[in-house]
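Novice: The structure's right below; bear with me while I get my questions together.
Number of protein chains: 2
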Amino acid sequence: MNLLVVGSVAYDTVETPEGANKQQLGGSATYFSLASSYFTQVGVVAVVGNDFARSDLGLLGKHGIDTTGLETTSGKTFRWAGRYSEDLNTAVTLETHLNVFEHFKPALTPAHKRAPYLFLANISPDLQHAVLDQMAPRPALVACDSMNLWIEIARPRLLELVAKVDVLMINEAEAKQLSGERSLVGAAKQLRKLGLKALVVKRGEYGAVVFHRDFTFAAPAYPLARVVDPTGAGDSFAGGFMGYLAAVGDTGPEAMRRAAVAGSVMASFTVERFGVERLEGLNLEEINSRFSAFVELTRFHPLGGGQGLPLIARPV
Amino acid sequence: MNLLVVGSVAYDTVETPEGANKQQLGGSATYFSLASSYFTQVGVVAVVGNDFARSDLGLLGKHGIDTTGLETTSGKTFRWAGRYSEDLNTAVTLETHLNVFEHFKPALTPAHKRAPYLFLANISPDLQHAVLDQMAPRPALVACDSMNLWIEIARPRLLELVAKVDVLMINEAEAKQLSGERSLVGAAKQLRKLGLKALVVKRGEYGAVVFHRDFTFAAPAYPLARVVDPTGAGDSFAGGFMGYLAAVGDTGPEAMRRAAVAGSVMASFTVERFGVERLEGLNLEEINSRFSAFVELTRFHPLGGGQGLPLIARPV
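Protein chains in written order, with the working numbering: chain A, 1 to 316; chain B, 1 to 316.
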């Protein structure tokens with residue numbers, strides 16, 4: 001297995017301006033693994049209850065996802081319910097039931113432990129540490145996500161984790177909250193001081209920015225006429241990002257720029273329908289054609305034929 | 001004169017999280033003309049009171065800006081006072097005094113009327129029409145700005161104007177408000193139906209998007225460690241955008257992509273200091289070096305050496 005993710009598998013109930021959907025398959029590990037499955041062989045470490053549908057397990061299997069780390073426990077699968085604002089930028093959590101997730105103690109198999117790429121999705125920093133500590137040898141690249149809850153209640157443990165990973169992928173408000181900085185440039189500088197190679201800031205409909213030690217790269221989001229359900233966009237981005245890197249086996253700057261675009265491509269599909277509806281049935285042509293659309297969306301000729309912009313000197 | 005702008009010249013009092021500044025030179029025509037002056041010869045049509053400082057007139061002159069259209073009337077120059085939120089994304093208007101602007105009737109000279117590039121900054125649609133109607137021949141490219149106020153109180157006149165111009169440059173909320181659409185893609189489609197060639201959406205710290213009939217182009221904003229004063233960013237963007245197009249005398253798709261970057265470059269300077277402090281003293285090297293920084297910020301190799309992303313086929 002080339003890529004491992006630890007995170008949640010859940011049933012979500014969402015309300016968006018485009019409608020509502022009950023008990024849809026969700027969770028960070030689900031979106032991440034489906035998105036990355038188009039790039040590489042990915043394994044999931046998570047827990048579900050005995051109410052977890054056979055068809056959902058089948059869906060993961062159809063994508064070649066290794067589910068030997070998907071533990072089934074008596075009890076109910078993690079549930080989340082939320083309602084999105086009119087502009088889709090914020091979600092109000094209506095219900096969260098950790099259920100079987102509450103006592104989850106991930107135990108990795110030898111194959112899991114050797115995965116060269118690891119994503120620690122948004123779960124408690126203690127769980128993230130528990131997984132990272134089992135990895136041997138240390139993976140080529142470790143990325144993690146987090147959220148405002150952990151920044152508030154488990155800040156020291158989270159900062160300890162940040163010091164051990166290569167890439168932190170969080171949203172804008174969280175980057176500022178964790179670093180105590182007002183600007184993202186400042187946040188990136190602070191967080192890299194802890195040892196981080198790159199801070200990847202997810203900005204929803206505004207795209208993502210990679211603040212790497214050696215470069216900064218901004219990827220826009222794909223402009224869509226209709227966003228149906230933003231749930232899972234961040235994890236799909238992470239899945240495309242890590243899936244691409246794991247597939248090419250390269251963590252250099254050029255690969256990371258393309259990885260951010262691959263992430264944006266996968267996120268742009270996810271939000272087009274409820275849950276994993278769009279993500280589960282993609283084909284290679286669709287993915288590559290959207291990647292090309294990103295090239296068109298961002299390209300410009302650096303110079304107008306001369307050595308620079310056609311500027312006029314002005315007295316200073 | 002290659003480029004003409006009609007808009008406001010003002011004295012602004014601003015409060016931002018970085019400090020406060022009283023009675024600074026501002027106004028849409030000021031920011032626009034200073035930003036575009038690095039690219040081309042620009043003329044200003046506006047009105048000031050007899051309190052307008054000689055040094056401020058001198059500043060415009062130093063930039064080669066044609067001020068024959070800058071009328072001086074007895075009374076006070078337009079004044080605006082505002083306070084920015086902690087995240088700098090919104091400004092609360094504390095005071096607006098139109099003063100001499102209230103009875104402004106722009107009368108264009110023959111040289112003004114022949115300008116091939118025209119920018120109608122954010123003023124009442126009636127004034128915008130009054131200027132556009134005097135132009136002969138019709139300029140090669142006409143762009144206009146507007147705001148929520150005019151959308152609310154002068155909607156029919158504004159829509160009439162939109163039907164006559166080539167490019168509408170407004171912010172995200174205004175694009176949605178004017179079109180009645182929830183998405184920018186939808187807004188662009190609606191507004192282009194009126195005859196518009198391109199809708200340019202200004203998104204502040206998230207950059208700008210050009211929704212052209214033939215293409216969509218997204219330019220990020222330059223990530224800055226410290227934004228001191230966002231006032232004038234939108235007009236500086238417009239100045240760089242129109243200044244670049246006027247300089248190269250090209251309104252084609254490739255030129256427009258680069259124009260959006262030139263606009264982002266100029267806006268990124270403006271917000272680094274209060275008022276026009278940063279914009280007034282730029283040199284060619286600084287501008288070209290920031291343009292290069294935008295190339296670095298956005299570039300990625302479209303393909304990893306093959307014909308597409310390294311994807312794995314999955315059963316659909």
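Backbone N, C-alpha and C define an ideal beta-carbon position, used for all residues, glycine too.
With distances taken Cα to Cα, identify the nearest neighbour of Ser37 (chain A) among A:Leu57, A:Asp51, A:Asp66.
Specialist: A:Asp66
Novice: So what does Arg157 (chain A) bridge to, in DSSP terms?
Specialist: Answer by DSSP bridge pairing: none, since Arg157 (chain A) is not bridged.
Novice: Using a 10 Å radius around the Cβ and a threshold of 16 neighbouring Cβ atoms, would you call Asn21 (chain A) buried or exposed?
Specialist: buried
Novice: Which residues in chain B have a C-beta closer than 9 Å to the C-beta of His129 (chain A)? List them in chain order.
Specialist: In chain order: nothing, as chain B lies at least about 31 Å away.
Novice: Taking only three categories from DSSP, how would you classify Arg182 (chain B)?
Specialist: coil
Novice: Measuring straight from C-alpha to C-alpha, what distance separates Thr30 (chain A) and Val209 (chain A)?
Specialist: If I take the Cα positions, the gap works out to 23 Å.
Novice: Any beta-carbon of chain B closer than 7 Å to the one on His63 (chain A)?
Specialist: Yes, His63 (chain A) lies at the interface with chain B (some Cβ there is under 7 Å from its Cβ).
Novice: Can you check the segment 85-133 of chain A for any beta strand (DSSP E) of at least 3 residues that lies completely inside it and give the ranges in chain order?
Specialist: As far as the segment 85-133 of chain A is concerned, its whole beta strand (DSSP E) runs of at least 3 residues are 91-97, 117-120.
Novice: Identify whether Met169 (chain A) lies in helix, strand or coil by the three-state DSSP scheme.
Specialist: strand
Novice: Mind reading off the beta-carbon distance from Leu282 (chain B) to Phe269 (chain B)? Whole number of angstroms is fine, and I expect it under 8 Å.
Specialist: The C-beta distance from Leu282 (chain B) to Phe269 (chain B) rounds to 6 Å, short enough to fall under 8 Å.
Novice: For Arg54 (chain A), count the other beta carbons within 10 Å of its own beta carbon; 16 or more makes it buried, fewer makes it exposed. Which is it?
Specialist: exposed
Novice: Where does the unbroken alpha helix (DSSP H) through Asp56 (chain A) begin, and where does it stop?
Specialist: 54-62
Novice: If we ignore side chains and look at the alpha-carbon of each, how far apart do Pro137 (chain B) and Tyr206 (chain B) end up?
Specialist: 37 Å
Novice: In the structure shown, what three-state DSSP assignment does Tyr11 (chain A) receive?
Specialist: Correct three-state label for Tyr11 (chain A): strand.
Novice: Buried or exposed for Gly232 (chain A), please, with buried defined as at least 16 other CB atoms from any protein chain shown within 10 angstroms of its CB.
Specialist: By the 10 Å Cβ count, Gly232 (chain A) comes out buried.
Novice: Tell me whether Ala187 (chain B) is buried or exposed, calling it buried when 16 or more other Cβ atoms sit within 10 Å of its Cβ.
Specialist: buried
Novice: By the three-class DSSP mapping on this structure, what secondary structure does Asp317 (chain B) have?
Specialist: A query on residue 317 (chain B) cannot be resolved here, the shown segment of chain B reaching from 1 to 316 and no further.
Novice: By the criterion of Cβ-Cβ separation under 9 Å, what are the contact partners of Ile170 (chain A) in chain B?
Specialist: Residues of chain B passing the Cβ test: none, with the nearest at roughly 16 Å.
Novice: Quick one: what's got a C-beta closer than 7 Å to Ala218 (chain B)'s C-beta in the same chain, skipping five residues either side?
Specialist: Gly207, Val209
Novice: Below 7 Å between beta carbons: does that hold for Leu196 (chain A) and Val142 (chain A)?
Specialist: no
Novice: Are the beta-carbon atoms belonging to Leu70 (chain B) and Ala35 (chain B) less than 7 Å from one another?
Specialist: no
Novice: Can you find at least 3 beta carbon pairs, one from the segment 116-126 of chain A and one from the segment 143-155 of chain A, that sit closer than 8 Å?
Specialist: By the C-beta criterion, the segment 116-126 of chain A is judged to be in contact with the segment 143-155 of chain A, since at least 3 inter-stretch pairs fall below 8 Å.
Novice: Using a Cβ-Cβ cut-off of less than 8 Å, list which residues of the segment 199-210 of chain A approach chain B; keep chain order.
Specialist: Arg203, Tyr206, Gly207, Val209
Novice: Leaving out the 5 sequence neighbours to the left and right, which residues in its chain are closer than 8 Å to Ala293 (chain A) when beta-carbon positions are compared?
Specialist: Tyr222
Novice: Less than 7 Å separating the beta-carbons of Ala198 (chain A) and Phe237 (chain A)?
Specialist: no
Novice: Compare the Cα-Cα distances from Leu224 (chain B) to each of B:Leu88, B:Gly180, B:Arg314 and report the closest residue.
Specialist: B:Leu88
Novice: Give me the Cα-Cα distance between Gly82 (chain B) and Leu94 (chain B), rounded to the nearest whole angstrom.
Specialist: 5 Å
Novice: Of the choices B:Gly180, B:Pro106, B:Leu158, whose alpha-carbon is the least far from that of Gln134 (chain B)?
Specialist: B:Pro106
Novice: Let me see if you follow: with CB-CB separation under 7 Å, is Arg245 (chain A) close to chain B or not?
Specialist: First, the amino acid is wrong: residue 245 (chain A) is Leu here, not Arg. For Leu245 (chain A), the answer is no, since every Cβ of chain B falls outside 7 Å of its Cβ.
Novice: Would you verify that the beta carbon of Tyr38 (chain A) is, or is not, closer than 7 Å to some beta carbon of chain B?
Specialist: yes
Novice: Rounded to the nearest angstrom, what separates Met256 (chain B) and Val131 (chain A) at their Cα positions?
Specialist: 49 Å
Novice: I want to see whether chain B comes within less than 7 Å of Ile151 (chain A), judged by CB atoms only; does it?
Specialist: no
Novice: Which ranges would you report for the alpha helix (DSSP H) in the segment 209-240 of chain A if only whole runs of at least 4 residues count?
Specialist: none
Novice: Using the beta-carbon of each residue, which ones in chain B are nearer than 8 Å to Ala233 (chain A)?
Specialist: What Ala233 (chain A) touches in chain B: nothing, since even the nearest Cβ is about 15 Å away.
Novice: Alpha carbon to alpha carbon, how far is Tyr11 (chain A) from Ala259 (chain A)? Give it in angstroms, no decimals.
Specialist: 28 Å
Novice: For Thr298 (chain A), collect the residues of the same chain with a Cβ closer than 8 Å to its Cβ; drop the 5 residues on either side in sequence, then sort them by chain order.
Specialist: Ala219, Pro220
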